Amino acid sequence: MKKSKQLLNNLNTVQQEAVKTTDGQVLVLAGAGSGKTRVITYKIAYLINNGYAAPWEVLAVTFTNKAAEEMKKRVIPFLKDNNGLWIGTFHSICARILRLEAEYVNLTSSFVIYDTEDKKKLIKEIVEDLGFDKNQFSLNAMCGSISKLKNRLIDPRTYEDMIKTPYDQVVSQVYTEYQKRVTQNNACDFDDLLTVPIKLFKTNPDIVQKYQKRFKYILVDEYQDTNYAQYKLIQYLSGFYKNVCVVGDDDQSIYGWRGADIRNILEFEKDFPEAKIFRLEQNYRSTKNILRAAHSVVVHNQARKSKELWCENDQGEKLVALNVYDEHDESDRVIEKLKEEVFKNKRSFSDFVILYRTNAQSRALEEGLRRNGIAYIIVGGVKFYERKEVKDILAYLKLITNPRDTVSLLRIINFPQRGIGKKTIQRLKKWATVNNISLLEAAGRVDEIEEISDKRKKSIKDFYKLIDKYTSLKDEISPNELSHALVDESGLLRKYKEDATLENQERANNIKEFLAAVSDYAFQNENPTLSSFLEEVSLITDVDYWDKTANAVTLMTLHSAKGLEFPVVFITGIEQGLLPLATSLDEQEKLEEERRLFYVGLTRAKERVYLLWANNRRRFRDVEPQEPSIFLNELDPSVIVSSSTAMKDRYTHKRKKGVDSFDNETIYEDFSQEIPLLKKGVLVEHEVYGRGKVQKVSGKGKAQKVVVKFQNGEQKKFLSNYARFTILSE
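Residue numbering for the sequence shown follows this note's numbering, starting at 624 and increasing by one per position.
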């Protein structure tokens, strides 16, 4: 156990002062790579170990599961006692409060959490039930409108007085019915997880006082990303002791499009005039050239706190700016530079990230990586828990946990197929409405519905018995046992095994992987419950799927990259209308957020940055000419070197020849990190077997094999593409 003085010795002077300032309101302006997570974790340890607070009197809030887990992982070894410590995301903390206080907000503790797809399904159903033409309304736009209203704490009744247009009238009716049905279904969507506790605190003084007096110290990470609802939550929870420490960076506020309000951090001193301000400006991540480039861009923003990052790191390489012909040339140039980095600097694939503004940009990049045999991971694709077969199992489990969940019931009542068609379901829904009961209750009383045939009644009764059986078992057996038994009895896995197409084999494998995930959850938790597993799954974000241990190039959007770092960063598509987006060009506030997004991309890099923009890019069906982004002109020219491969004749010649580089370098088919450097006599260092000498190399590309004899006399054969060793010398 480290003592407090020893802890503080690991901090710089400003970090120490921020940690030791315990009472009152504290704003820590933490620039990129300045050690903000260290400040929060050390502050938690300092408060608890020095007797300022018991563990249960500390609440630490952040934005992603990964960040929350990292915080727990770092802080717990420093604590004398961590019993009762609350560390989590805003949504998980609020879900925890709601499960404890569910009776006060017309819920039960087993309420389920609707994800975006669940929300869309319910809204689509409501639009149809209200008689609106579903083709006239975008489900995404309707979901977005309702989400914005919730995050501004505008309930359906209040919104009725704000209607100005016919579209507002439709939104109002859908919003009113949507919220009614969500409550009837004993559910919350993501926005409700924030807004319902606020309503609870507003209407129940005794409950809000209970939490205010419990949490003596509140610490908030990434404060620049808070929206109005999160801002109000912090105000409520800190209302008694008023000990709030927020950590953030206004230069990294990039979520305005989903409700984040940069004014929360910019105007912190207005809310708390006696607040103490600390600026963490020493960067521990990047080189001097990278920091100078990043600052030269972000300083053009007007809505920002004055600060400039500095470091004691090396000057580093200059940033490389590459003007290319189109998105295919862009992909080729990224791969060319990636190869150079691997050959010359002996980098691993995991050292690289390729960033872009929109997910659509990944297509050409993926094609290039596949063509060259380069392993990659894409963050933000089809997520595991959003795949159809996995969503089907989740729907069964949600309904078992919460029998009022109509959205889940409608998804699975005829899957696997039971001959229960749309007309039968409509009759069942109508009867449930007339009798004021849930849809599942109606299924249990289907014999009373004359309009449904005996054959359909049997199918519905069989479905009801299946759900009822596992509902009664959910508190008797573990989630692991229940999930395996349910998958067997429902026929979900059998369906895909019987029709063994390649696609169905993949679906069957995903179901097995899901069952493995439930097993892992049950093993890792002392008191595993089905509802807590479902809650954990529902709060997973894009980055939570990312396996940073894999030896592969990472592809992701600039938004997904915040909080991460890589030795080498490629930022692609730096063109006017793409970065910044065309919709941001006429609004100063949006343009500044796009500039911050570019800044975030630059500051992910530890050692090298490559910036690419194309003269042409296919947008929808047409190839359109592009202009370089205004952000490129804002970069300090003293830290940039530029080159161009944008001439059409050179590019066309290159594509016809099938050459992957403009330079006179050796081009390797089915490129792998180790291939060009391996030959007989080369010394290598393996992470498991130690030092050895290459005896034989055979094959090429991804099939290349290498035989190594190690100092202990053992001789091992490896596929060189996956060998975990470092090449030393000949």
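Think of the CB as a built atom: it goes at the ideal place given N, C-alpha and C, for glycine as much as any other residue. Computed from a predicted structure; not experimentally measured.
- In the structure shown, proline 828 falls within a helical segment according to DSSP collapsed to helix, strand and coil.
- DSSP places histidine 918 in the uninterrupted alpha helix (DSSP H) bounded by 911-921.
- The Cβ neighbour count for glycine 1313, taken over all protein chains shown within 10 Å, is under 16; the residue is labelled exposed.
- Contact annotation: lysine 1021 and valine 735 have beta-carbon atoms nearer than 8 angstroms.
- For secondary structure counted as the alpha helix (DSSP H) over 4 or more consecutive residues, the segment 834-901 holds these complete runs in sequence order: 851-860, 886-889, 891-894.
- Counting C-beta pairs closer than 8 angstroms gives fewer than three between the segment 978-985 and the segment 1063-1071, which falls short of the contact rule.
- A residue is called buried when at least 16 other Cβ atoms come within 10 angstroms of its Cβ; serine 1265 does not meet this threshold and is exposed.
- Scanning its chain for C-beta atoms nearer than 6 angstroms, with the 5 sequence neighbours on each side dropped, one finds around phenylalanine 863 the residues Gln835, Lys836, in chain order.
- Proximity of the segment 642-651 to the segment 850-867 meets the contact definition, three or more beta-carbon pairs being nearer than 8 angstroms.
- Asparagine 1133 places its beta carbon 8 angstroms or farther from that of arginine 1034.
- In this structure, glutamine 1327 keeps its C-beta atom at 8 angstroms or more from the C-beta atom of glycine 1315.
- Histidine 923 counts as exposed, since fewer than 16 other beta carbons sit within 10 angstroms of its beta carbon.
- Counting other Cβ atoms within 10 Å of its Cβ, leucine 723 stays below 16 and is therefore classed as exposed.
- Sorting Glu1099, Arg1068, Leu945 by C-alpha distance to the C-alpha of aspartate 1085 places Arg1068 at the top.
- Judged by beta-carbon spacing, alanine 1205 lies beyond the 8 angstroms limit of aspartate 949, meaning their Cβ atoms are not closer than that value.
- Here leucine 753 is exposed. Its C-beta has fewer than 16 other C-beta atoms within 10 Å.
- According to the DSSP secondary-structure assignment, phenylalanine 1193 is paired through a beta bridge with Ile977, Tyr1233.
- Taken through DSSP and simplified to helix, strand or coil, leucine 1214 comes out as helix.
- Methionine 1179 has Leu978 as its beta-bridge partners, per DSSP.
- Residue environment: valine 870 is assigned as buried (16 or more neighbouring CB atoms within 10 Å of its CB, all protein chains considered).
- When DSSP states are grouped into helix, strand and coil, glutamine 1334 belongs to the coil group.
- DSSP, read as helix, strand or coil, puts asparagine 705 in coil.
- Between the alpha carbons of alanine 898 and glutamate 892 lies a distance of about 6 angstroms.
- Bridge pairing for arginine 986: absent [DSSP].
- In the three-state DSSP reduction, glutamine 925 falls in the coil class, being neither helix nor strand.
- Per the C-alpha coordinates, the member of Tyr669, Val698, Val662, Thr712 positioned closest to valine 684 is Thr712.
- With respect to the C-alpha of leucine 860, the residue from Tyr846, Asp874, Asp872, Lys839 having the closest C-alpha is Lys839.
- In its chain, beyond the 5 residues on either side, Thr685, Phe686, Gly871 have a beta carbon closer than 7 angstroms to the beta carbon of glutamate 845.
- The DSSP-derived three-state label of arginine 722 is helix.
- Put simply, the segment 1034-1044 does not touch the segment 802-817. Fewer than three CB pairs are less than 8 angstroms apart.
- Contact annotation: isoleucine 1023 and asparagine 688 have beta-carbon atoms that are not nearer than 8 angstroms.
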